[in-house]
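Undergrad: Counted from 1, the sequence shown has number 247 at position 247 by UniProt numbering; the numbering is strictly sequential. Each residue gets a CB set at the ideal place from its N, CA and C atoms; glycine is no exception. Predicted model, so just to flag it, every value in this text is computed and none were measured. So that we are looking at the same thing, I have put the structure below in structure tokens.
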Amino acid sequence: MTEPARLSVPPPGPQPDESAPLAGLTRQQRLEYLRRRMAAVPSRGETADGRESRDGDRVLPVPGPLSALLPRGGLARGSVVSISGATSLLLGLLASVTADGGHAAVIGCPRLGLLAATEMGAELRRLAFVPNPGPDPVEVAAVLLDGMDLVVLGLGGVSVPPSRARAVVARARSKQSTLIVTDGDWGGAEVRLEARVRGYDGVGRGADAGRGRLRSVRLAVRAQGRSFQTRTACLDVRSTQGRVEWVPEAVAFAPEAAVR
1 MTEPARLSVP
11 PPGPQPDESA
21 PLAGLTRQQR
31 LEYLRRRMAA
41 VPSRGETADG
51 RESRDGDRVL
61 PVPGPLSALL
71 PRGGLARGSV
81 VSISGATSLL
91 LGLLASVTAD
101 GGHAAVIGCP
111 RLGLLAATEM
121 GAELRRLAFV
131 PNPGPDPVEV
141 AAVLLDGMDL
151 VVLGLGGVSV
161 PPSRARAVVA
171 RARSKQSTLI
181 VTDGDWGGAE
191 VRLEARVRGY
201 DGVGRGADAG
211 RGRLRSVRLA
221 VRAQGRSFQT
231 RTACLDVRST
241 QGRVEWVPEA
251 VAFAPEAAVR
């Protein structure tokens, strides 16, 4: 399996250690290193081999059944999206963007299941992974918005002040990158996606409870936004011949509905 790029900052000195975390450097050292690494990333709209990609429009792709939840059928470039709940939702978004030729970065999510992302179709060579972003992950995300189509920021349970959030939103809009925030509070997100597990298929019941190979996860997903009516979808995330497929059950407009 192809390994994702790991954007870790080496300590100062003539012999950098590529495994060193960002936490050991000053603010200026972190910024300088990230900008050097960003220069090696192909420009948006261009794949790693120099061909034009298919992301010429202003929307990033999502797994098929999720497109009905979003007004434009995908994640709008230059927007901020908040995600909570089942990790399958985040993995599916990363898979869709990178499989379509886009580049993504994941910041502060060291336990993210890269194998599961690969099974969903993610291209790991287009994924930069920053598991240890240091004391200011928001700053790292702001830098990576310069060259990535999608940036995922794990907040570690913290709340980002509105003034700081507005500055990063303005940067995402100017760079036409999409920022996904998770595991924390980010006021002012244009879209909020919440996923809850409704059940599993494949594990045994009765005397065989807990045994067997998991074949699918049933999810309920809710989308809320400033400019559209709340929508919910029920779907299955199924494993089929080593690949993961998203199979819709139903989509509903439910202004007051909660995902259960």
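1) Quick one, which of 75, 68, 29 has its alpha-carbon nearest residue 248's?
2) Check whether the Cβ of residue 220 lies closer than 6 Å to any heavy atom of the ligand FMN, and answer yes or no.
3) Could you tell me whether the Cβ atoms of residue 105 and residue 122 are closer together than 7 Å?
4) Give me the Cα-Cα distance between residue 210 and residue 216, rounded to the nearest whole angstrom.
5) From which residue to which residue does the beta strand (DSSP E) around residue 89 run?
6) Can you tell me where the beta strand (DSSP E) with residue 194 in it begins and where it stops?
7) Among all the DSSP beta bridges, which residues are the ones paired with residue 245?
8) Can you tell me which of 117, 163, 164, 178 puts its alpha carbon nearest to the alpha carbon of residue 146?
9) Are the CB atoms of residue 81 and residue 75 nearer to each other than 7 Å?
10) Would you mind sorting residue 150 into buried or exposed? The rule is 16 or more other CB atoms within 10 Å of its CB.
11) Taking the alpha helix (DSSP H) that residue 174 belongs to, which residues open and close that run?
12) By Cβ distance below 6 Å, which residues in the same chain neighbour residue 126 in space, the five residues on each side in sequence not counted?
13) Going by beta-carbon coordinates alone, are residue 78 and residue 142 separated by less than 7 Å?
14) Whose C-beta lies closer than 6 Å to the C-beta of residue 206 among residues of the same chain, with five residues either side of it excluded?
15) Please name the residue in 71, 60, 175 whose C-alpha comes closest to that of residue 231.
16) In chain order, what residues of the same chain lie with their CB nearer than 8 Å to the CB of residue 164, ignoring the 5 residues before and after it?
17) Answer with buried or exposed for residue 61, where buried requires no fewer than 16 other C-beta atoms within 10 angstroms of its C-beta.
18) Can you grab the Cα-Cα spacing for the pair residue 83 / residue 243, in whole Å?
19) Does DSSP put residue 231 in a helix, a strand or coil?
20) How is residue 126 classed by DSSP in three states: helix, strand or coil?
21) Going by beta carbon distance, what residues of the same chain come within less than 6 Å of residue 152, once the five residues before and after it are set aside?
22) Could you tell me which whole alpha helix (DSSP H) segments of length 4 or greater appear in the stretch 135-164?
23) Run through DSSP, which three-state label would residue 26 get?
24) Thinking residue 238 and residue 219 are a contact (beta carbons under 8 Å), I'd like their distance in whole angstroms, please.
TA: According to the structure data:
1) 68
2) In terms of ligand content, the structure shown is empty, and the ligand FMN therefore cannot be addressed.
3) no
4) Low confidence applies to residue 210: its pLDDT is 47, below 50, so where it sits in the model is not reliable, and the reading given next is rough at best. One C-alpha to the other measures close to 14 Å.
5) Unbroken run through residue 89 is the alpha helix (DSSP H), 87-99; no beta strand (DSSP E).
6) 191-201
7) 238
8) 178
9) yes
10) buried
11) 162-175
12) Within the same chain, and ignoring the five residues on either side of residue 126 in sequence, the residues whose Cβ sits closer than 6 Å to its Cβ are 98, 103.
13) no
14) Summary for residue 206: the model assigns pLDDT 48, below 50, so the residue's position carries little reliability, and this model does not support an answer.
15) 71
16) Excluding residues up to 5 positions away in sequence, 138 lie with their Cβ nearer than 8 Å to the Cβ of residue 164 in the same chain.
17) buried
18) 23 Å
19) strand
20) Three-state result, residue 126: helix.
21) Leaving aside the five residues that flank residue 152 on each side, the residues in its chain whose CB is nearer than 6 Å to its CB run, in chain order, 106, 180.
22) 137-144
23) coil
24) With 8 Å as the limit, residue 238 and residue 219 do not qualify as a contact, their Cβ atoms being about 11 Å apart.
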